[in-house]
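Below is one structure, written out as structure tokens; comments come after it.
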Amino acid sequence: MKILVVEDEERVAHFIQKGLKEEGHAVDVSYDGEDGEFLAEVNDYDLIILDLMLPKKNGIVVCRELRASGVATPVLMLTARDSVEDKVRGLDAGADDYLPKPFAFEELLARVRALLRRQSDNKSPVLSMADLFLDPISRRVTRNNTPIRLTTKEYALLEYLLRNPDKVLSRTLIGEHVWDMNFDPESNVIDVYVSHLRSKIDKGHDIALLHTLRGQGYLLSDNSPPA
Ligand code: CA
22 MKILVVEDEE
32 RVAHFIQKGL
42 KEEGHAVDVS
52 YDGEDGEFLA
62 EVNDYDLIIL
72 DLMLPKKNGI
82 VVCRELRASG
92 VATPVLMLTA
102 RDSVEDKVRG
112 LDAGADDYLP
122 KPFAFEELLA
132 RVRALLRRQS
142 DNKSPVLSMA
152 DLFLDPISRR
162 VTRNNTPIRL
172 TTKEYALLEY
182 LLRNPDKVLS
192 RTLIGEHVWD
202 MNFDPESNVI
212 DVYVSHLRSK
222 IDKGHDIALL
232 HTLRGQGYLL
242 SDNSPPA
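Below, the structure is given as structure tokens:
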């Protein structure tokens, strides 16, 4: 999942970024309200962690303006204290949840998981194609009932592909969703990861699921891709 952290305290921002990256998420960081709002409008995030007290524009205003411009991404608001007033203002501005500082990282992770889960299809949290299954909650991946061990990046890539079945995904799109904004789309990193992922999910199976469309990108499908 791709997450934006808007937090002016660098130490806190980096602590959150590091922890979320370890969970396999792609994380962008912004240090003020204006820049954060801009990033949230131009990129497609799955979740925004938004501090309330920010330079240039506070979190309440950012959240309200994002909602007004049609950005529906879930927002977790960080408040400086457990104040009922801050909580109400945050929720009124369109935040989905709030967390008072200081917080334990485990609690932040639990809130993030809950918001992402709410975001994904509640009825069928397990993603699948043919006999390939991915459970976003246990992070377990199997093909033909055999568990597959993936690195965090391979897992994130597969999850993105499974959320966009039968769609041709360009390297740029994959870069935007699975890597952070410092990712260089000209590099061959995606090709390398796709090739590792393909050998893990397709090798030894009759039906190949991960297809390359030369000059276009990649496709996860249990039908043969168009020639
Ligand atoms: Ca702050």
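In the working numbering, the protein residues as written are 22 to 248. The beta carbon of each residue, even a glycine, is placed where N, CA and C say it ideally should be.
Distance CB(residue i)-CB(residue j) smaller than 9 angstroms
| i | j | result |
| --- | --- | --- |
| Thr94 | Leu129 | no |
| Lys122 | Ala101 | yes |
| Leu153 | Arg164 | yes |
| Leu230 | Ser242 | yes |
| Tyr239 | Leu182 | yes |
| Leu137 | Met22 | yes |
| Leu75 | Val109 | no |
| Arg88 | Gly115 | yes |
| Asp107 | Leu73 | yes |
| Ile169 | Ile222 | yes |
| Glu127 | Pro157 | no |
| Ala125 | Val92 | no |
Where residue i falls: helix, strand or coil (DSSP)
| i | result |
| --- | --- |
| Gly225 | coil |
| Gly45 | coil |
| Ile70 | strand |
| Tyr52 | coil |
| Asn143 | Low confidence applies here, because Asn143 scores a pLDDT of 48, under 50, leaving its location unreliable and the question unanswered by this model. |
| Ile24 | strand |
| Ser149 | strand |
| Leu75 | coil |
| Asp212 | helix |
| Val83 | helix |
| Gln38 | helix |
| Leu241 | strand |
| Thr100 | strand |
| Arg138 | helix |
| Leu234 | strand |
| Leu194 | helix |
Residues near residue i in its chain [Cβ-Cβ closer than 7 angstroms; skip 5 each side]
| i | result |
| --- | --- |
| Tyr214 | Lys174, Glu175, Leu178 |
| Arg132 | Leu97, Asp118, Leu120 |
| Glu30 | none |
| Pro206 | Arg192, Thr193, Gly196 |
| Gln38 | Val26, Val48, Val50 |
| Met150 | Leu183, Pro186, Leu230, Leu241, Asp243 |
| Thr233 | Tyr239 |
| Met228 | First, the residue type needs correcting, since residue 228 is Ile and not Met in the sequence shown. So the list reads Ala151, Asp243, once near-sequence residues are dropped. |
| Val33 | none |
Other residues of its chain near residue i: CB distance less than 6 angstroms, five sequence neighbours each side excluded
| i | result |
| --- | --- |
| Gln237 | Val189 |
| Met202 | Asp49 |
| Trp200 | Ala47 |
| Ser245 | none |
| His198 | Lys23, Tyr181 |
Any non-hydrogen atom of ligand 1 closer than 8 angstroms to residue i Cβ
| i | result |
| --- | --- |
| Glu323 | For the chain, the structure presents residues 22 to 248; residue 323 sits outside this window and is missing. |
| Ala125 | no |
| Asp56 | no |
| His98 | Going by the sequence as given, residue 98 is Met instead of His. No, Cβ of Met98 sits at least 8 angstroms from all heavy atoms of ligand 1. |
| Ala116 | no |
| Leu120 | no |
| Asp72 | yes |
| Leu75 | yes |
| Ala101 | yes |
Close-in-space but distant-in-sequence residues of the same chain around residue i (CB under 8 angstroms, 5 per side omitted)
| i | result |
| --- | --- |
| Ile24 | Leu41, His46, Ala47, Val48, Asp49, Tyr66, Asp67, Leu68, Ile69, Ile70, Val133 |
| Ala135 | Asp118 |
| Lys144 | Because Lys144 sits at a pLDDT of 42, beneath the cut-off of 50, its placement in the model cannot be relied upon, and the following sentence gives the value as read from the coordinates. So the list is empty, once near-sequence residues are dropped. |
| Arg85 | Ala114, Gly115 |
Contact with chain B by residue i, beta-carbon distance below 9 angstroms
| i | result |
| --- | --- |
| Thr94 | Here chain B cannot be found, since the structure has a single protein chain. |
Inspect the CB distances between the segment 43 to 57 and the segment 80 to 88 and report whether three or more fall short of 8 angstroms. By the criterion of at least three beta-carbon pairs nearer than 8 angstroms, the segment 43 to 57 is in contact with the segment 80 to 88.
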